[in-house]
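To start, the structure under review is shown below, and the notes come after it.
Number of protein chains: 4
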Amino acid sequence: MVPRYSRPVMTAIWSPANRYRIWFEIEALACEAMAEYGAVPKEAAETIRARGDAALAAFSDADLARIDEIEAETRHDVIAFLTWLAEKVGPDSRFVHLGMTSSDVLDTCLSVQLTQATDLLLEDLDAVLESLKTQALKHKMTVTIGRSHGIHAEPTSFGLKMAGHYAEFARNRERLLAARKEIAVCAISGAVGTYAHVDPRVEEYVADKLGLAAEDVSTQVIPRDRHAAFFCTLGVIASGIERLATEVRHLQRSEVREAEEFFHPGQKGSSAMPHKRNPVLSENLTGLARLIRSHVIPALENVALWHERDISHSSVERNIGPDATVGLDFALMRLAGMMEKLVVYPERMMANVESLGGVVHSGEVLLALARAGISREDAYRIVQRNAMATWTKLGEADGLSFRENLGRDPEVVGRIDAAVLDDAMDSARHLAAVDRVYDKVFGTAS
Amino acid sequence: MVPRYSRPVMTAIWSPANRYRIWFEIEALACEAMAEYGAVPKEAAETIRARGDAALAAFSDADLARIDEIEAETRHDVIAFLTWLAEKVGPDSRFVHLGMTSSDVLDTCLSVQLTQATDLLLEDLDAVLESLKTQALKHKMTVTIGRSHGIHAEPTSFGLKMAGHYAEFARNRERLLAARKEIAVCAISGAVGTYAHVDPRVEEYVADKLGLAAEDVSTQVIPRDRHAAFFCTLGVIASGIERLATEVRHLQRSEVREAEEFFHPGQKGSSAMPHKRNPVLSENLTGLARLIRSHVIPALENVALWHERDISHSSVERNIGPDATVGLDFALMRLAGMMEKLVVYPERMMANVESLGGVVHSGEVLLALARAGISREDAYRIVQRNAMATWTKLGEADGLSFRENLGRDPEVVGRIDAAVLDDAMDSARHLAAVDRVYDKVFGTAS
Amino acid sequence: MVPRYSRPVMTAIWSPANRYRIWFEIEALACEAMAEYGAVPKEAAETIRARGDAALAAFSDADLARIDEIEAETRHDVIAFLTWLAEKVGPDSRFVHLGMTSSDVLDTCLSVQLTQATDLLLEDLDAVLESLKTQALKHKMTVTIGRSHGIHAEPTSFGLKMAGHYAEFARNRERLLAARKEIAVCAISGAVGTYAHVDPRVEEYVADKLGLAAEDVSTQVIPRDRHAAFFCTLGVIASGIERLATEVRHLQRSEVREAEEFFHPGQKGSSAMPHKRNPVLSENLTGLARLIRSHVIPALENVALWHERDISHSSVERNIGPDATVGLDFALMRLAGMMEKLVVYPERMMANVESLGGVVHSGEVLLALARAGISREDAYRIVQRNAMATWTKLGEADGLSFRENLGRDPEVVGRIDAAVLDDAMDSARHLAAVDRVYDKVFGTAS
Amino acid sequence: MVPRYSRPVMTAIWSPANRYRIWFEIEALACEAMAEYGAVPKEAAETIRARGDAALAAFSDADLARIDEIEAETRHDVIAFLTWLAEKVGPDSRFVHLGMTSSDVLDTCLSVQLTQATDLLLEDLDAVLESLKTQALKHKMTVTIGRSHGIHAEPTSFGLKMAGHYAEFARNRERLLAARKEIAVCAISGAVGTYAHVDPRVEEYVADKLGLAAEDVSTQVIPRDRHAAFFCTLGVIASGIERLATEVRHLQRSEVREAEEFFHPGQKGSSAMPHKRNPVLSENLTGLARLIRSHVIPALENVALWHERDISHSSVERNIGPDATVGLDFALMRLAGMMEKLVVYPERMMANVESLGGVVHSGEVLLALARAGISREDAYRIVQRNAMATWTKLGEADGLSFRENLGRDPEVVGRIDAAVLDDAMDSARHLAAVDRVYDKVFGTAS
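Spelled out as structure tokens, the structure:
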């Protein structure tokens with residue numbers, strides 16, 4: 001993910017420094033565990049921990065360069081790190097990584113990084129939820145037109161829109177918690193996962209200290225179905241971002257103008273057209289959603305490794321690991337800020353509700369006719385006829401409102417009272433269930 | 001999904017007959033609920049139920065043609081069905097669909113179909129799990145070579161391989177249960193989901209009768225993040241199928257020959273080469289996995305509907321709904337049958353273990369040298385040197401085994417006892433933790 | 001692709017009858033070629049041709065059932081067909097398929113089917129191009145607002161919009177021609193493609209008769225990079241459909257109302273709201289585009305077959321072959337019809353152009369100030385200030401037009417003549433280059 | 001793309017310095033063109049060119065910081081650059097960007113960057129082609145087993161394998177040239193592409209100077225179907241890389257050992273198992289192919305921008321532009337190096353050919369029986385029986401070769417001469433057409 005769409009707090013998780021810090025932690029914890037059951041001298045484990053901690057605390061670009069230098073020869077990243085560590089630790093380094101294989105370190109490290117990233121994403125989701133709840137409570141009874149197919153349907157409230165997105169992001173939070181559990185897994189099982197050279201208690205110890213679960217069967221690697229499920233979840237969340245971003249883009253359209261992204265003092269919308277105020281944040285989020293979604297397929301393709309494992313997943317994960325989490329973190333925080341500052345225009349919303357001459361109340365009139373004993377097919381024909389007559393003359397001098405047209409239709413007049421028709425034109429009906437929905441979504445306190 | 005890869009039991013769920021049966025059930029239940037709280041006469045609800053049930057029980061191609069005929073005029077599938085139903089029910093049909101919108105019927109029906117499909121898929125997964133468990137128990141101690149990068153690594157057991165796949169499919173079963181919950185949802189909330197014309201109790205009643213949960217906020221449609229999460233899960237399961245299929249394809253390679261798909265009497269492998277016996281089932285599963293995975297992206301793209309909803313998701317779901325579930329059902333049952341009948345060759349496995357002159361034990365020798373006080377770097381150099389010497393002369397007259405080469409290496413001889421070296425060549429070490437893993441995966445009874 | 005989105009003319013290409021017809025043609029042509037250079041008796045080739053032609057001409061469900069029956073035993077589709085053919089041809093059938101392998105038949109047949117499908121798609125594209133050209137010529141000078149970010153930018157003509165889509169579909173036609181060339185390839189090279197048992201002249205002969213090119217190197221199969229490139233092209237075309245469909249959906253939005261899909265007499269837009277007229281065709285096309293695009297990834301995954309080939313691509317192609325071509329054919333014809341009948345509202349377009357009080361002319365005013373010697377930064381500030389003042393008061397009693405606001409701004413008044421300002425408010429400027437663009441797109445005759 | 005998989009020569013194309021250099025070039029060329037037809041004073045154009053060139057030549061981190069600072073206020077990248085440029089150029093800067101819009105600069109710049117990147121990729125492809133040709137010529141007659149389904153089929157030559165991949169990469173080169181043409185396009189057409197404020201001759205001039213074609217209809221942006229087609233092509237090439245990488249991975253499998261990636265002195269294959277030499281380059285390429293393929297879908301999703309354009313494509317392209325080209329450049333160069341140094345083991349290839357007791361010649365025996373007048377069905381049964389008898393006893397003491405089994409089969413003995421059978425066991429037949437194929441692929445000089 002390019003820096004433009006990255007927050008340092010998330011990129012730091014994927015920095016070499018953090019990676020090496022975690023690698024050492026895994027090795028040091030493993031040594032401690034081995035010392036506990038006698039495979040490694042206690043003093044050696046202590047020396048490794050002390051000197052390693054010091055080396056990592058003082059980790060500098062020079063260390064980075066040294067590791068790269070070793071890797072250039074060995075062509076193996078974990079061996080390069082271990083060799084560097086040996087230079088820092090001294091002879092006791094021969095007790096490091098004893099009976100372990102690189103995957104033990106790499107995969108468990110990835111689990112730690114992904115859980116760190118997920119914890120940040122959970123906070124991001126909380127910020128999005130907070131911004132949506134604020135708008136929902138503020139606009140609980142702000143009447144706005146509901147649209148299906150992009151066509152005015154019936155009135156609803158802007159708060160209900162927000163509540164719907166809130167409910168989706170609340171589901172996304174649950175999904176992310178489940179996804180976190182998928183990848184919060186530790187594997188220290190040695191070559192091809194048989195524990196032939198490393199006691200299973202080491203795995204349990206390291207897992208416990210790192211707040212992870214021990215993998216049931218790790219065929220040297222932690223199975224990639226876990227990571228696939230994780231990246232799928234990020235893709236679902238990204239699509240939820242796209243849905244909300246699309247809503248805002250629509251609301252800000254010049255013909256709609258019901259809401260607008262906050263336009264900063266000094267901001268310029270276009271180099272050529274000074275009048276422009278564009279929904280650039282929500283458009284940007286739409287693109288970011290495409291990117292995050294694009295990581296799903298390679299993550300799924302990573303599942304079918306050959307036999308106990310191959311290494312084809314590695315280059316994929318080195319990219320999509322950071323790209324997906326950094327991108328999603330940025331997108332969620334951008335979304336939270338955007339929704340928090342969203343400028344809403346209730347008068348314009350009401351003007352739009354009324355702009356089609358009342359035909360948006362056709363459904364209630366249909367029901368009134370049905371209640372009056374008219375068949376569905378006849379009632380539909382009558383209402384459709386009056387709605388189309390209204391629609392066709394919208395804005396014209398001889399145009400009549402839907403109510404007026406209905407009032408002149410002989411098939412209507414004899415059958416429904418004028419009061420019933422008047423009542424059918426009232427948007428209040430559409431807010432009647434708002435409380436009930438809010439109770440379900442936000443709890444009774446709302 | 002073409003018939004070649006379809007089982008009738010699953011395609012039946014997606015047949016017009018089943019769809020109309022469910023549509024009627026939703027409408028009839030809604031009438032019953034409305035009758036309960038007074039919006040519809042009880043007698044009308046009973047008439048609708050009775051005549052509708054009869055019409056659906058007698059549903060024939062003529063009915064299908066009649067519905068198609070009406071749809072050709074109205075260009076609306078639900079209205080076409082309701083009009084047909086009205087012809088069967090008579091005047092009381094004006095109480096059908098009262099205050100509801102098409103999405104109430106369509107989306108709740110899709111939920112019913114997807115839960116029906118999922119219940120079948122759960123049975124399929126059980127069959128796969130059973131076949132894997134059987135092989136795992138049978139070959140718990142069958143020694144085979146573990147491979148990383150496609151290169152012989154260290155011995156393991158064939159049972160452990162099976163246990164690893166079992167554990168993955170057990171996770172997939174858990175995921176599918178969670179996915180079922182995602183889409184087992186009912187929405188009867190009317191236009192733009194405000195319940196303006198339909199009492200929320202109707203939704204609760206119908207949901208309860210259909211074994212679904214009532215949606216929290218349905219903006220006319222059940223939000224598509226639920227379906228996206230569902231199809232993602234199918235994609236993860238498909239990738240698990242691909243992993244196991246890839247394993248079998250590798251094991252059947254002419255150079256490996258450790259296992260083989262059952263070859264039926266009368267079966268022909270190739271029109272040109274009568275000697276061929278090909279792993280066609282697992283190759284086929286590999287392709288099916290690609291197909292099922294390909295449904296994930298359009299499902300994610302379906303999330304961002306415009307405003308309260310548009311209808312762009314419909315054409316997608318009319319295809320991927322059946323394609324993904326029918327395809328996965330077929331694939332899982334094919335996989336279960338394939339694994340159940342898989343022919344395993346333990347002697348060939350052992351021959352392969354031994355085919356590299358013992359270098360697969362290099363890890364244990366490395367540890368032995370480390371225990372003898374040699375640094376990791378020196379020990380590695382020594383072991384690598386002897387392994388390469390062995391490897392290079394494999395099959396040649398003057399070639400020595402890894403054990404023999406080590407026995408002549410002055411850097412080894414002085415430092416490790418011959419008995420330790422002999423012991424390092426023993427595969428038994430790699431099976432020591434099998435019981436422990438089986439306990440985790442299959443429970444103590446294994 | 002479900003029947004709902006299928007045209008019989010395209011599905012017929014993928015029917016078993018057409019497939020077997022092509023299989024036979026390939027076998028019969030190969031026999032003729034072999035007869036020509038002596039590998040097969042001329043009489044045998046003639047008998048095969050005559051009896052085979054007759055059998056295919058009389059091909060019935062009974063034949064289909066017989067082939068299925070043989071395949072159930074042999075588990076090999078080409079052998080099943082050859083066995084059935086042998087039953088029809090008699091003893092000379094031993095000269096059929098001589099030295100060939102199934103892939104020779106299957107892959108060459110797929111090439112024939114894909115070229116047949118492509119020829120239909122090219123006709124479809126012509127229909128789309130025709131409908132776009134008609135609208136472009138009709139609305140060459142119909143002023144409409146151009147929008148970037150969904151925000152009114154500057155005026156343009158509706159014809160130019162159409163010309164832009166025309167140019168894209170003209171590019172798509174070129175791409176499809178190139179894609180046709182990719183897959184119009186014949187391979188008759190026997191097992192693993194070495195021509196060990198079949199003279200290369202057979203391939204040349206069959207290719208020539210079928211209007212295909214002979215593959216350079218077919219490793220038993222025609223390499224799947226060709227098919228991947230083909231399905232990519234369909235994905236690009238589908239995305240072009242989505243772009244145009246999205247345009248129409250936007251234009252039909254209730255707040256925009258500049259164009260509308262034709263609404264048929266008797267058509268019903270919603271079961272609950274009789275006033276609804278929805279852009280259901282363009283929404284449907286949006287979904288179909290997602291489907292066709294989804295075939296791209298499995299087609300790319302099909303490229304990396306193992307060694308000389310595996311069979312994992314087969315199940316993918318049995319589905320995406322028909323799905324992508326049938327779906328795209330349906331979508332293109334639906335698009336052509338939709339664009340042909342599109343109802344355009346020029347008055348509404350003009351009303352929208354004027355709806356923002358003239359701020360859409362901010363760019364020209366910016367230039368006028370620059371021409372008057374003001375720096376870009378100052379000019380921008382001045383214009384932006386007046387545009388925002390106009391925008392903020394849109395529709396309010398004390399609101400002024402952009403022209404009015406500019407006329408009162410002391411930083412403007414002293415520097416630009418009123419006539420220049422008036423002139424800047426003229427939309428005619430934006431149509432000045434229309435002729436030039438039309439010449440490039442449609443040729444000078446436009 | 002992470003630095004690990006990046007070459008500086010390609011990342012430089014995507015650096016801010018190169019981008020700003022191109023932006024300025026476009027603006028300066030546009031000024032020159034405008035000066036030519038009088039819209040801008042010639043002296044101003046010269047000043048802009050001179051001072052701008054100087055500023056860009058001296059471009060430093062301080063300039064980068066200054067541009068970022070302005071963008072932080074204006075929230076518009078092109079305006080930030082223009083403001084910085086104005087600070088360098090002085091008052092004449094008001095003639096910069098006259099009548100243009102940001103997209104003119106951004107899109108034309110992207111075209112320049114993509115063509116620069118493509119030119120590099122074409123060189124990379126040449127290197128791959130060269131490496132493949134070298135191996136093909138060297139191993140033109142190196143007999144190896146051809147495999148379908150991973151099962152030994154019939155002999156072929158290793159050179160033919162290489163020739164097949166060469167032909168695919170030659171096609172990929174053609175495709176990339178076509179893709180280059182797709183995106184080598186310039187647009188300078190102002191807001192919503194009407195040329196209202198900029199003479200079309202400016203576009204022609206700039207296009208000509210930059211070696212691009214002028215876009216036919218640019219609705220402010222260069223239509224994204226062009227870029228979609230471009231990224232599709234990269235996806236096809238990536239899949240070709242995966243196919244070749246998969247071949248190498250298979251050949252290096254421990255049981256196959258027919259070829260091997262070059263193993264460097266000092267290289268270590270595994271931290272735990274010193275005997276390991278893994279095909280890490282080809283595995284890495286497999287993963288990179290997944291990544292590059294994953295850019296195809298977002299590129300396709302970018303096509304359907306709203307109306308004349310939205311900005312959702314921008315965040316996508318800022319990532320996949322560099323990621324796809326940098327990744328593919330790295331992958332191609334890695335592939336070329338890998339294939340150039342590939343270690344091939346002809347003896348092992350021959351050993352594998354012979355490892356199945358001669359059953360790989362079953363096809364020729366089938367033909368011999370057919371020639372002897374036996375029906376296809378009977379001949380198949382006879383040959384299959386003998387092949388299976390051979391296969392089942394492979395490596396066993398009482399096992400017979402295919403030739404031996406045939407020699408004892410009464411259904412064979414009476415019908416085919418022993419000499420014919422002997423001849424059928426000869427691999428030479430399978431190399432007979434090699435010259436012909438080489439002529440087609442490499443030309444007659446090969």
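Protein chains in written order, with full-length UniProt numbering: chain X, 1 to 446; chain R, 1 to 446; chain E, 1 to 446; chain V, 1 to 446. The C-beta atom is built at its ideal place from N, Cα and C for all residues, glycine as well. Note that the coordinates shown come from a computational prediction; the quantities given were computed from them, not determined experimentally.
Should residue 449 of chain R and valine 185 of chain R be called a contact, given that it needs their Cβ atoms to be closer than 8 Å? What the structure shows of chain R is the stretch from 1 to 446, and residue 449 of chain R is not part of that stretch, so it cannot be assessed.
Using 8 Å as the limit for Cβ to Cβ distance, is asparagine 278 of chain X near chain E? yes
Specify, as a first and last residue, the run of the alpha helix (DSSP H) that residue 459 of chain E falls within. Missing from the structure shown is residue 459 of chain E; chain E here goes from 1 to 446 and no further.
Is arginine 348 of chain V helix, strand or coil when you go by DSSP? helix
Who are the neighbours of alanine 272 of chain E on chain X, taking C-beta pairs under 8 Å? Gly363 and Leu366
Check whether chain E comes within 8 Å of arginine 415 of chain V, counting only Cβ atoms and requiring the distance to be less than that. no
Please list, in chain order, the chain X residues whose beta carbon lies closer than 8 Å to that of serine 93 of chain R. Ser375 and Arg376
Under 8 Å from the C-beta of proline 200 of chain X: neighbouring residues of chain R: Ala433 and Arg436
Would you grab the beta carbon distance between phenylalanine 231 of chain R and valine 296 of chain R for me? Rounded to a whole angstrom, and I think it's under 8 Å. 6 Å
Beta carbon proximity, valine 192 of chain E to chain V, threshold 8 Å: yes
The stretch 313-322 of chain X in contact with the stretch 281-296 of chain V per 3-pair CB rule at 8 Å: yes
Should leucine 356 of chain R be flagged as near chain V, meaning a C-beta pair shorter than 8 Å? yes
For the putative contact between threonine 83 of chain X and glycine 266 of chain V, defined by C-beta atoms under 8 Å, what is the C-beta separation to the nearest angstrom? Not a contact, Cβ separation roughly 11 Å.
Valine 96 of chain V, DSSP secondary structure in three states: coil
Which residue from X/Ser254, X/Gly443, X/Val441 and X/Asp423 puts its Cα closest to that of alanine 196 of chain R? X/Asp423
Interface partners of aspartate 225 of chain V on chain X, CB under 7 Å: Neighbours of aspartate 225 of chain V on chain X: none; closest Cβ ~16 Å, over 7 Å.
For the candidate residues X/Asn172, X/Gly90 and X/Ala163, whose alpha-carbon lies nearest to that of leucine 332 of chain X? X/Asn172
What does DSSP give as the partner residue(s) for valine 256 of chain V in the beta ladder? DSSP, once it has assigned bridges, lists no residue as partnering valine 256 of chain V.
Cβ-Cβ separation, glycine 407 of chain E to alanine 418 of chain E (assumed contact under 8 Å), whole Å: 7 Å
Closer than 8 Å to chain V by CB, aspartate 107 of chain E: no
Straight-line gap, lysine 440 of chain E to aspartate 216 of chain V (C-alpha atoms, nearest Å): 6 Å
Status (buried if at least 16 other CB within 10 Å, exposed otherwise) for phenylalanine 402 of chain V: buried
Check whether the Cβ of histidine 275 of chain R lies closer than 8 Å to any Cβ atom in chain E. no
Going along the chain, which unbroken runs of the alpha helix (DSSP H) with 4 or more residues stay wholly within the stretch 329-401 of chain E? 346-354, 362-371 and 376-392
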